[in-house]
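In terms of the numbering used here, the first sequence opens at residue 3 and continues consecutively.
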Amino acid sequence: MRLYSTLSRRKEELPPPPGPIGMYVCGPTVYQRIHVGNARPFVISMWVKRWLERRGYEVTLVENITDINDKIYDAAPGASAELAERASRWYVEDTDALGLGRPDVEPKASETVPEIVSLIEELLERGLAYEVDGDVYFRVARLAEYGRLSGQRPDQVEEQEPNPLKEDPRDFALWKRTKPGEDTSWPYWGGGRPGWHIECSAMAEKYLGPAFEIHGGGLDLVFPHHENELAQSRGAGREFARVWMHNGMLRFTGEKMSKSLGNVASLRDVLERWGREALLVFFLTAHWRKPVDFSDETMAAAAAQAEAFRNAFRLHPEPAAAGDWEPFAAALDDDFNTPEALAVLHEWRARGATGELRRGLEVFGLEMLAALDAAPAGVAELAARRLEARAARDFAEADRLREQIAGAGWDVRDVAEEPGFQLVRRQ
RNA sequence: GGCGCGGUGGCCGAGUGGUUAGGCAGAGGCCUGCAAAGCCUCGUACAGCGGUUCGAAUCCGCUCCGCGCCUCCA
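Okay, here's the thing in structure tokens:
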């Protein structure tokens, strides 16, 4: 199994099974419903975990929830903890609806403060951090390898708002003292809260140890977030993540879907409108590293593919042919190439190889495409009567019954096999 | 200004030196009371310009265009 890593800029071979494989993925900051773009790293990491497990690996997937952040204070002055709590539940609810299972651990920043504090203390002892008026900053100039992940050259980083407390404008906060409007605070360095990046260094180490295999997240996190995470952990002498998987952004109306631009579609709304199968197939159509356009057209095409898979099982409840598993496995083993794997699924579909098709779909949590809805007895009764009307060549009555069946939410198809009709739930 | 990723047929999207990707949409056909589903047939695409090569979507150079990041972001 090979995966492209941002750090080395090439595909890295994973150690042989069973590993173990520790995976850490940056989850959302919780202050509103997550959007479809936020769902991409969740979906990809769950898929990779499922695939690795089928390949005999022991995988521990840790996906954090950031519940301490300026956005949360701004969104709910005086009640930030309550908002974070509520939005965390939304997040779990919405991602549960994807039907892919859950990561093994979903730690929260607010529950990892002791570990965060001891990591900061280590950095202070090593001279890689300094305290000023209750803030603690990381001393970027002291870490030679800083910038290696993102390729940023420290001297070229754009000028920021000057902060007189920093020794160097590139330094970033490990700890921030409590500011007006912030209603949560932890009693260290005179009261305050962790910076954005340190929580991930601490949580990853707490659950995966000082060295682990894969770190994931959106491409927009490469700099500064992951660069700084890496700096903190490497600075503290940890090996940290070996492979860095950054997924491409979802585009909406030609631009990155993001909360700050406001061009978002919430995961919940998308699932309600298109269904989880269509959304999962949509994610399958593009390689995980590439940007994807989210639009009615691309979603409709994905929904059509999902329906085509369902039809294969209606046509061949029992496999009509055997499929070759190898090309499918090879596609996923080579940098988790889902578009290529999808092409194999379509080949199995066209050949009636529903055995392999079901197994392949299972990897992506799409096995329900093989589970055909049984129509209620009343609808089946109408279909049987329609069959009789057709046999009697009373087509007016047959069409009337078709309308009635459609009214009940089902389409009737004539087939050669018993009982002579097939009922398909209308989309 | 710096760092990085891209540009493939109407649309989506794999493919990194020679071989059919695949899907969606569309056209024609088979089947069919109608319909749906299914099956068959149909598209000589690789941003542009140079170069390397027997051969380039694929390698090299330049140009144009798009997108992401540069301390809020999946």
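We treat Cβ as the ideally placed atom computed from N, Cα and C, and that holds for glycine.
Legend entry - Beta-carbon proximity list for Leu334, same chain, < 7 Å, skipping 5 on both sides: Taking the first sequence and counting its residues from 1, the one referred to as residue 334 is at position 332. Counting only Cβ-Cβ distances below 7 Å, and skipping sequence neighbours, we find Trp53, Ala343.
Legend entry - Distance, Tyr209 Cα to Pro22 Cα: To locate residue 22, count along the first sequence from 1; it is residue 20. To locate residue 209, count along the first sequence from 1; it is residue 207. Their Cα atoms are separated by approximately 13 Å.
Inset, instruction - Sort out for me which residues DSSP pairs Gln424 with in a bridge. - result: Numbered from 1 along the first sequence, position 422 holds the residue referred to as residue 424. Gln424 pairs with Arg415.
Legend entry - Spatial distance of Arg428 from Ala86 (CA atoms): Indexing the first sequence from 1 puts residue 428 at position 426. Indexing the first sequence from 1 puts residue 86 at position 84. Their Cα atoms are separated by approximately 39 Å.
Legend entry - Close-in-space but distant-in-sequence residues of the same chain around Glu430 (CB under 8 Å, 5 per side omitted): Residue 430 lies beyond the stretch modelled for the chain, which goes from 3 to 429, so this question has no answer here.
Inset, instruction - Check each candidate in Ala323, Leu282, Pro319 and name the one with the smallest Cα separation from Ala438. - result: Nothing in the structure corresponds to residue 438, since the chain is present only between 3 and 429.
Legend entry - Bounding residues of the alpha helix (DSSP H) (the contiguous stretch that carries His348): Within the first sequence, the letter at position 346 stands for residue 348. Looking at the DSSP string, the run of the alpha helix (DSSP H) that includes His348 is 340–353.
Legend entry - Span of the alpha helix (DSSP H) around Glu405: Locating residue 405 in the first sequence gives position 403, counting from the first residue. First-last of the alpha helix (DSSP H) with Glu405: 397–409.
Inset, instruction - Kindly provide the ranges of any alpha helix (DSSP H) runs that are 4 or more residues long and lie completely inside the stretch 158–220, ordered along the chain. - result: 200–210
Legend entry - Straight-line Cα distance separating Gly39 from Trp290: Position 288 of the first sequence, counted from the first residue, corresponds to residue 290. Position 37 of the first sequence, counted from the first residue, corresponds to residue 39. About 12 Å.
Legend entry - 6 Å Cβ shell around Ala41 - same chain, five flanking residues per side excluded: As a working note, residue 41 is residue 39 in the first sequence. Correct list, in chain order: Leu269.
Inset, instruction - Ignore the nearest five residues each way along the sequence and tell me which others in Ala400's own chain have a CB closer than 7 Å to its CB. - result: For this step, residue 400 is matched to residue 398 along the first sequence. Excluding positions up to five away in sequence, the list reads Arg388, Ala391, Arg392.
Inset, instruction - Mind checking which residues open and close the beta strand (DSSP E) that includes Ile122? - result: By 1-based counting over the first sequence, the position of residue 122 is 120. Counting along the chain, Ile122 falls outside any beta strand (DSSP E), though it belongs to the alpha helix (DSSP H) covering 115–127.
Legend entry - Backbone CA spacing between Tyr59 and Met3 [nearest angstrom]: Residue 59 sits at position 57 when you count from the first residue of the first sequence. Residue 3 sits at position 1 when you count from the first residue of the first sequence. When rounded, the distance between both Cα atoms is 11 Å.
Inset, instruction - Pick out whichever of Arg404, Arg35, Arg56, Leu126 has its Cα sitting closest to the Cα of Pro20. - result: Against the first sequence, residue 20 aligns to sequence position 18. It is Arg56.
Inset, instruction - Let me know the secondary structure DSSP gives Ser268 once reduced to three states. - result: As a first step, residue 268 must be located in the first sequence, where it is residue number 266. Correct three-state label for Ser268: strand.
Legend entry - C-beta contact flag for Leu151 and Leu9 at 7 Å: In the first sequence, residue 151 corresponds to position 149, counting from 1. In the first sequence, residue 9 corresponds to position 7, counting from 1. Contact flag set, yes.
Legend entry - Residue from Ser203, Asp295, Glu15, Trp49 with nearest C-alpha to Glu124: Numbered from its first residue, the first sequence carries residue 124 at position 122. Looking at the Cα atoms, Ser203 is the closest of the given residues.
Inset, instruction - Inspect the beta-carbon positions of Phe242 and Ser235 and report whether they are closer than 7 Å. - result: Position 240 of the first sequence, counting from 1, holds the residue named residue 242. Position 233 of the first sequence, counting from 1, holds the residue named residue 235. Yes. Within cutoff.
Legend entry - Complete alpha helix (DSSP H) runs within the stretch 228–306 (minimum length 4 residues, chain order): 229–237, 269–276, 278–287
Inset, instruction - Take Val426 as the anchor and find which of Leu317, Asp137, Ala131 has the nearest alpha-carbon. - result: Taking the first sequence and counting its residues from 1, the one referred to as residue 426 is at position 424. For the residues Leu317, Asp137, Ala131, the minimum Cα distance to Val426 belongs to Leu317.
Inset, instruction - To the nearest angstrom, report how far apart Pro164 and Leu121 are at their CA atoms. - result: Indexing the first sequence from 1 puts residue 164 at position 162. Indexing the first sequence from 1 puts residue 121 at position 119. One C-alpha to the other measures close to 27 Å.
Inset, instruction - Please state whether DSSP places Leu75 in a helix, a strand or coil. - result: Position 73 of the first sequence, counting from 1, holds the residue named residue 75. According to the sequence shown, residue 75 is Tyr rather than Leu. Correct three-state label for Tyr75: helix.
Inset, instruction - Return the bridge partner residues of Val31 from the DSSP annotation. - result: Position 29 of the first sequence, counted from the first residue, corresponds to residue 31. For the record, residue 31 in the displayed sequence is Thr; it is not Val. BP columns for Thr31 point to Thr68.
Legend entry - Val417 burial status per 10 Å Cβ neighbour count (16 or more: buried): Here residue 417 is taken as the residue at index 415 of the first sequence, counted from 1. Counting Cβ neighbours within 10 Å, Val417 comes out exposed, since fewer than 16 surround it.
Inset, instruction - Tell me Ala131's beta-bridge partners as DSSP assigns them. - result: One-based indexing of the first sequence puts residue 131 at position 129. Ala131 pairs with Phe140.
Legend entry - Cβ-Cβ separation, Leu263 to Phe311 (assumed contact under 8 Å), whole Å: Here residue 311 refers to the residue found at position 309 of the first sequence. Here residue 263 refers to the residue found at position 261 of the first sequence. Actually they are not in contact, since the Cβ atoms of Phe311 and Leu263 sit about 34 Å apart, beyond 8 Å.
Legend entry - C-alpha distance - Gly277 paired with Asp375, whole-angstrom precision: Counted from its first residue, the first sequence places residue 277 at position 275. Counted from its first residue, the first sequence places residue 375 at position 373. Roughly 15 Å separates the two Cα atoms.
Legend entry - Segment contact, 8 Å Cβ cut-off, at least three pairs: the stretch 213–223 with the stretch 87–99: no
Inset, instruction - Quickly, what does DSSP pair Lys13 with across the bridge? List them, please. - result: Here residue 13 refers to the residue found at position 11 of the first sequence. Bridge partners of Lys13: Tyr6.
Inset, instruction - Report the three-state DSSP secondary structure of Ile46 (helix, strand or coil). - result: Within the first sequence, numbered from 1, the residue matching residue 46 stands at position 44. In this structure, Ile46 counts as helix in the three-state DSSP scheme.
Inset, instruction - Going by DSSP, name the residue or residues bridged to Lys110. - result: Counted from its first residue, the first sequence places residue 110 at position 108. Note: Lys110 sits in a beta bridge opposite Ile67.
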